[in-house]
Structure formats: C-alpha cells, structure tokens
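First the structure, in the form of structure tokens, and then the observations on it.
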Amino acid sequence: MEPLSHHLLTQACNNGWANHRLYKACLQLTQDEFVAPRCSFFPSIKATLNHLLTVDWFYLDALECEQRGAAPDPDGERFFQPEQPFATCTDLQAQQAQADQRLIAYCRQLHDDQLARYVSIVRPDRVQREQRLRLLAHLFEHQTHHRGQVHAMLSDTAVRPPQLDEFFCEEEAALRADDFAELGWSEEQVWK
C-alpha cells in the first residue's frame, strides 16, 4: 500500500461520505427552506451546494484530462454557466454523488510516485499549473469549507445538522455503518 495515495483515496471517500450525510439532511428541507436567503458566503443552501458541484466538475475535468494525457478543456467557464444549474436538492444530490464517485475512481488509480505530476487548469486569463497532490488537497479543503457553511445554515432550520467528522477513527466505524451500507461500502474496502 502506498501511504500518501491511499490517504488521498480515503480523503475522497470521506468527501463522498460527508456529502452523503449532508444531503440526507438537506433532503428533509422544503423547497422554500432550501432556497431561502441565509447568512453565508453564498446566500442559500441551494447556491452553496450548486457551487460545490460546479467546482468539483471544473477540477475533476482538469484532473481527468491530465490522467488521459488530453489537453485541458479550453472553456473552463462552461462548468459555471449557469451558476446554479440545479434547482432542487434531489437533482443536486444525484449529480454530487456522481461527482464523488468520479473523484474516488480518480484517487483509486493514483500512485505516490505520480503525485508530483502537473495538472493544467484553464482560467479565464491564463492556464494554471498545479501538482496533483496540491490540487487534490485544495479540492478536499474546498469541499470541507463549503460543507461547513451548509452545516451552519442547517442550524437555522428544523433539520438537525449531521455529524461530519466520524470518518477516520477506527473505533467510530459503528457511527458510519448505516451510511456505508447505503453507499455500498465496507470498512475493508476503504481502509485495506
């Protein structure tokens, strides 16, 4: 087992698990609660979840292009047009689950000696180049950052925000067992 690559894979799994838990809570909201103006970086739960998804699409495309040896998409802005492509939590959840599976599949094929390879990201005014490791670290941090905002916004509703930090500790396996079953995962698959 290659330790750093395996850690990135567990980060991708944590990302998918945390999104799964967060969406289970958000799906309990009415549509009015989902779109209601709230105090946060983005003005609603809907806007924040759309942002998370479109940024995932943007970076996943760059990572997958590099993996295939293909040129980066010259129109990176297409991932953000429209800014909020999905109106309902149900539609967003389905798309986010697909993006999470893409990220897990990408991380599953990584090897430690390939983490310094550079990925090209097309920005409106330049092509940004980042090492795979640093770009993935950024992507995981971006997800955590905005999931925290949705978590805080849920606190202003009748839906209890879910616990999102019970993924890594071995003795907390029972606390994630139901979610793992819903995702079709096992502890052995994630941690072996």
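Numbering-wise, our numbering comes out as the position in the sequence shown, counting from 1, plus 50.
Beta carbons are placed, not taken as given, at the ideal position from N, Cα and C, and that holds for glycine.
- For residue 233, same chain residues with a beta-carbon under 8 Å away, outside a window of 5 residues either side, are 66, 67, 70 in chain order.
- An exposed status is given to residue 205, since fewer than 16 other beta-carbon atoms sit within 10 Å of its beta-carbon.
- For residue 97, the CB contacts under 7 Å within the same chain, skipping 5 residues up- and downstream, are 134 in chain order.
- Taking all protein chains shown into account, residue 55 has 16 or more neighbouring C-beta atoms within 10 Å of its C-beta and is therefore buried.
- Close CB contacts of residue 186 within its chain, under the 6 Å cut and outside five residues either way in sequence, are with 58 (chain order).
- Checking the DSSP bridge columns, you'll see residue 169 partnered with 180.
- Inter-segment contact for the stretch 118-133 and the stretch 80-89 is absent: fewer than three beta-carbon pairs are separated by less than 8 Å.
- With contacts defined as CB atoms closer than 8 Å, residue 77 and residue 143 qualify as a contacting pair.
- Looking at the backbone, the Cα of residue 163 and that of residue 79 are separated by about 45 Å.
- In its chain, beyond the 5 residues on either side, 112, 178 have a beta carbon closer than 6 Å to the beta carbon of residue 171.
- In this structure, DSSP gives residue 241 a helical state, which the three-state scheme calls helix.
- Residue state for residue 79 is assigned as coil, using DSSP reduced to three classes.
- With fewer than 16 other beta carbons inside 10 angstroms of its own, residue 225 counts as exposed.
- Rounded to whole angstroms, the Cβ separation of residue 182 and residue 169 is 6 Å, and the two are in contact under 8 Å.
- DSSP places residue 205 in the coil class of the three-state scheme, outside both helix and strand.
- Runs of the alpha helix (DSSP H) spanning 4 or more residues and lying entirely within the stretch 118-151 do not occur at all.
- Rounded to the nearest whole angstrom, the CA to CA distance from residue 201 to residue 215 is 12 Å.
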